[in-house]
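Chains as they are written, first to last, in this note's numbering: chain A, 3 to 418; chain B, 637 to 1582.
In structure tokens, the structure reads:
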């Protein structure tokens, strides 16, 4: 199981270590630094590193490496998932997870880590259970604590931990009972030079914010559940019901959580809401850059928050471009052109064009730049998924319910 | 006000100040001080000096303070064991606190204090907590057993905690079950004795499956992993487990999904292939695997490494999902490379166009490493999908036209491979390749180009000029290029002898006279002699037809693949190596095998195959006395065969292994599992060899052995064969073997099995210098082995070689060479094969020698569980050249005085004290060289238990 955890910042300081078994000297991280040096970018450090006596399994989040040390054969995904959970918990507690915040709250951080693992076995990782054991910091409580000498460690056993619904604490009470659902779809796509689609898929999520009193039991059904043949659920979902009736039935955790994530694969048709037409030429005298974006299959909705990023070849020294709308910047160090287009007006397509200054005397670039696109479309799930009904059982009050749809670009890439 | 204030140092006197604060009367100041101490500890400062002061703060009703002190204790108790004792009382009291949180906290913390003295006090509170009314405490206690086992495994086993844990498997609370499973799994991994205790049966499995639905995600991982280690008793059970595991594939936690995939992949082996159920299962496995690829890059990486195995085992699962493996340009490099590998594995005629278009796209990316791999991938596609070869070649030519230096070089390297796969098909492109000759600067590309020129010398008009141009800088070239150049010019000469004589002489003299590289010189001389003695023969050798290369070269070997499938989701699956190859210090490492589909006739075999065979890393386990009659059965067959060999009294040839696949797989270990002579020839009674005096009944005894009575034992004891060299470690060659003594000679009896995909031949053996100067007495006689073929051989050994002391003394290091490589292993010779036949000592000399050897050279052992009477013991030992000189009865005890002599002339005198009715006998032995004592005692042990 997991022996130790080291948290390392970008400059290579191990600023926090936690051991759940005997202490492992932090010199073990030297192997990690070695691998880090070899990697071209911080993202490229291999997640599993073999050293003579230990295995280092790491994730990279918010400029921090979380490096777990194990000595025996354990499932690496178990470790990685746990590290993700650690980061999520920190974000949940401190709303952000960075070096300063971790240092500022190190007592809570330490208490949390201690509570999350015992001898390397996960103990309590559900945020609501942790919150009952260790209260998250807030200003009022800090002040009160310092006045009356209170503590943020609960001396009561968390209620939910051993019940049949460990994810929900008992005795939840709200004056306004609300349940909000966000259906978010991310389009991952690769589009080739000629504008035709190489590959596209949709990653969908249903995120919830549920503030309901008592023990509500919810069901959700869809207009077109056939779209969902590859789903994974939060543990609260009753899988049997889904298999037999295609209804998501669950007792929700309190607060924010991800109910379902689904995947619509490359085998079904995926609508592409935007097109990008880039044109680039490189000559001895200089280069030309010309790019137009336009809406494609948007089901009548507006494409908003469009951002185009192009990593131009190394030979480009600077650019001199004019855009019909939005701001653009060029970072001459990593050669990234960023154009914040904003909203696309179908009547007047946004475009950007101009010249590029090339390094004199160097040959034309060998590699073609890739363009990444970001966008959002409100009130649309691009797959066509729609929630049909949402019902609540088990409680008497009438909750306020709402469903929002949002489509955005995931890894959306245009080759040139 | 943030906690970061604790990190600011007050420079000197810090410890002193903290000490004062810790002893303050005010609670708040105390707490602040403890926090500061913990902060220093967190950043790795040594604050162990404050130990007594911090421990004093422990008796508090403030939970936060208590937790902090516990934290401190866990870190430093090891360095201050005496002080830590002070904390014990508080722990014991806390274990009885009314608040379950405090009880759990106390038992948890105690387990983390790795001090022997404390663990003793831990037992009682732990026992109570394991039966606590509160499940929270029980589940904490379950983990505590694992901690304790880590510190002192003996204690845990003695105190019966393992039974408690097993009871917890049927606990009403799923969390407790999950933790018990996890704790058992961890104990299982580190201790073979515990493994025996935790036997999985249908009932426990059912409990686990029930708990699976209800426990947390982490618990599910542990349960799934231990399910994967279970072998269902029949197909039906396998299928029902699969059905109950399938819903886990929709879990949000990637680790749960992958562990479920492991269980399914393993149990699918048991089910009827091509049944409807298998087909649905195959369909169900695909979406979760695809989903893993949309997760974070780290998860993608682990998933991809596993998918790599899965597509090799069951290509059907992901055959339609090629597109999800397309590389996105912002994927981390480690994900890109893995995706590329899988794309090639999934490439078929149907999707090759898509794949090639993608690969061509990748070849224009920025990352040089990735570009190179992509170009290589195009070559691999050409070799894998024959119909696409032409397309691949034209793609490669397009890439060469880009004139990007490293792309061109990579392309030339793979085109060489394509030429080897499809000879005489694409030579038209050679001229294009030659155009790029000048730009090549990497040795591999240069060597490939030279190879191409040499191979097709007759079609390249200016081949001699091209090669000559390389020759100018011969000594600056890399060895690889030099070797290729030499061969290429010789080829050219053989094809066009008229105008290239000068060139070949030049290269031969460069290689043999001016070079100091032995490989190059050797090759040069060989060519030189070949050419000067018999040019026709040279032509046959140098221009011989080359075997075609195939795509299988980059597949994982089937035996290894099967083992890795059993380790899906684990580190082994990431490294693509069996755990035994990299996990160190694991006792009782067992090799797992995929369960085989049981049929009525084969059920016995499949049971046997599912039982873990002990890996050679634990020879002790294999040499344990085999409780059954099989070794004697081996003797019997041996006797049968040795009839023609003119056997002498005390000898018997080795057990001959019936040549069935399943037997070889497990080597000697299987012997004990197969209750009877399955597949072995039944010996006709007439086949009894002529027996000498001492053991006239030996042969008959063996027959009685088969009937199940303990045998009188005939002939030298031959341990069953054990696997010395694992196929996975020796590129498919597996060797099982044992040692025996017959006809006054030592024999090494080995079974060679070929588990590789190609023929193995050209075997030779060499023994390292060893303690007894053992060397092979003859050539190793092994025929060329076709895939899956086995061959038994006996190699006579003689003790006349150079001597070098080994540890242990009987260790023998062996090197086996074949056409593939040289492999090394070491094995233990049972020392009794070294006892010579003239080891009888005269009674008087015996007496004198016994007195003469100083008492300090006398060593005593107890040998327990000997069920034979004095006569049988004497006979059994005699058969192994341990000769009874005299026998006396002293006060009801039988005393046997014996002598034996080793091949190197060392005499050993022994005295056996046998009490009638007592199964334990005492062995005293005296020798001038006491070093051999342990080995001899082990041999006695072996002989007397068989």
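Glycine included, each C-beta is placed from N, C-alpha and C at the ideal position. What you are looking at is a predicted structure, and each value in this text was computed from that prediction instead of being measured.
Return the residue from the list 1012(B), 972(B), 1482(B), 1091(B) that minimises the CA-CA distance to residue 933(B). 972(B)
Got a sec: is the Cβ-Cβ distance from residue 1059(B) to anything in chain C below 7 Å? Any reference to chain C falls outside this structure, whose protein chains are A and B.
Just grab the DSSP bridge partners of residue 1432(B) for me. 1383(B)
DSSP-derived helix/strand/coil call for residue 965(B): coil
Could you work out which residues of chain B lie near residue 413(A), taking near to mean beta carbons separated by less than 8 Å? 964, 966
Would you call the segment 1481-1491 of chain B and the segment 1531-1550 of chain B touching, i.e. three or more CB-CB distances under 8 Å? yes
Reference residue 980(B); option with closest CA among 995(B), 1435(B), 1364(B): 995(B)
Kindly indicate which three-state DSSP category residue 15(A) falls into: helix, strand or coil? coil
With three or more beta-carbon pairs closer than 8 Å as the criterion, would you say the segment 1024-1032 of chain B touches the segment 1070-1080 of chain B? no
Output needed for residue 1195(B): all residues of its chain with C-beta closer than 7 Å, excluding positions within five of it in sequence on either side, in chain order. 1363, 1364, 1391
The segment 876-896 of chain B: which residues have C-beta closer than 7 Å to a C-beta of chain A, in chain order? 883, 886, 887, 888, 889, 890, 891, 894, 895
Kindly indicate the opening and closing residues of the beta strand (DSSP E) around residue 898(B). First-last for residue 898(B): 890-904, but that is the alpha helix (DSSP H), not the beta strand (DSSP E).
Runs of alpha helix (DSSP H) lying entirely within the segment 1117-1204 of chain B, each at least 4 residues, in chain order: For the segment 1117-1204 of chain B, whole alpha helix (DSSP H) runs of length 4 or above, ordered along the chain, are 1137-1148, 1154-1169, 1171-1178, 1194-1201.
Using three-state DSSP, classify residue 416(A) as helix, strand or coil. Reduced to three states, the DSSP call for residue 416(A) is strand.
Going straight from the alpha carbon of residue 742(B) to that of residue 219(A), what length do you get? The straight-line gap from Cα to Cα measures roughly 37 Å.
Per DSSP, what are the beta-bridge partners of residue 180(A) in this structure? 213(A), 402(A)
Start and end residues, alpha helix (DSSP H) containing residue 56(A): No alpha helix (DSSP H) contains residue 56(A), which DSSP labels as neither H nor E.
Taking only beta-carbon positions, decide if residue 265(A) is within less than 7 Å of chain B. yes
Where the beta strand (DSSP E) through residue 342(A) begins and ends: 338-344
First and last residue of the uninterrupted beta strand (DSSP E) at residue 1550(B): 1543-1550
Using beta carbons (cut-off 7 Å, strictly below), is residue 684(B) in contact with chain A? no
Could you work out which residues of chain A lie near residue 861(B), taking near to mean beta carbons separated by less than 8 Å? By Cβ distance, chain A contributes 77.
Examine the Cβ distances between the segment 232-244 of chain A and the segment 914-934 of chain B and report whether three or more of them are shorter than 8 Å. yes
Report the option in 1453(B), 1467(B), 677(B) whose CA atom is closest to the CA atom of residue 1461(B). Just measuring C-alpha positions, the residue of 1453(B), 1467(B), 677(B) sitting nearest residue 1461(B) is 1453(B).
Quick one: give me the first and last residue of the alpha helix (DSSP H) that residue 748(B) is part of. 736-748
Tell me which same chain residues have a C-beta within less than 7 Å of the C-beta of residue 1438(B), skipping the five on either side of it? 1405, 1409
Check the Cβ of residue 1208(B) against every Cβ in chain A and list those closer than 8 Å, keeping chain order. 75
Please state whether the Cβ-Cβ distance between residue 328(A) and residue 343(A) is less than 7 Å. yes
First and last residue of the uninterrupted beta strand (DSSP E) at residue 332(A): Per DSSP, residue 332(A) belongs to the beta strand (DSSP E) from 329-333.
Is the number of C-beta pairs between the segment 262-277 of chain A and the segment 348-361 of chain A that are closer than 8 Å three or more? no
Give the range of the beta strand (DSSP E) segment to which residue 390(A) is assigned. For residue 390(A), the enclosing beta strand (DSSP E) starts and ends at 389-395.
Close beta carbons around residue 94(A), own chain, < 7 Å, minus the five adjacent residues each side: 129
Are the C-beta of residue 64(A) and some C-beta of chain B separated by less than 7 Å? no
With DSSP collapsed to three states, give me the class of residue 981(B). helix
Apply the 10 Å Cβ neighbour rule to residue 1574(B) and answer buried if 16 or more other Cβ atoms are within range, or exposed otherwise. buried
Does DSSP put residue 855(B) in a helix, in a strand, or in coil? In the structure shown, residue 855(B) sits in a helix (DSSP, three-state: H, G or I).
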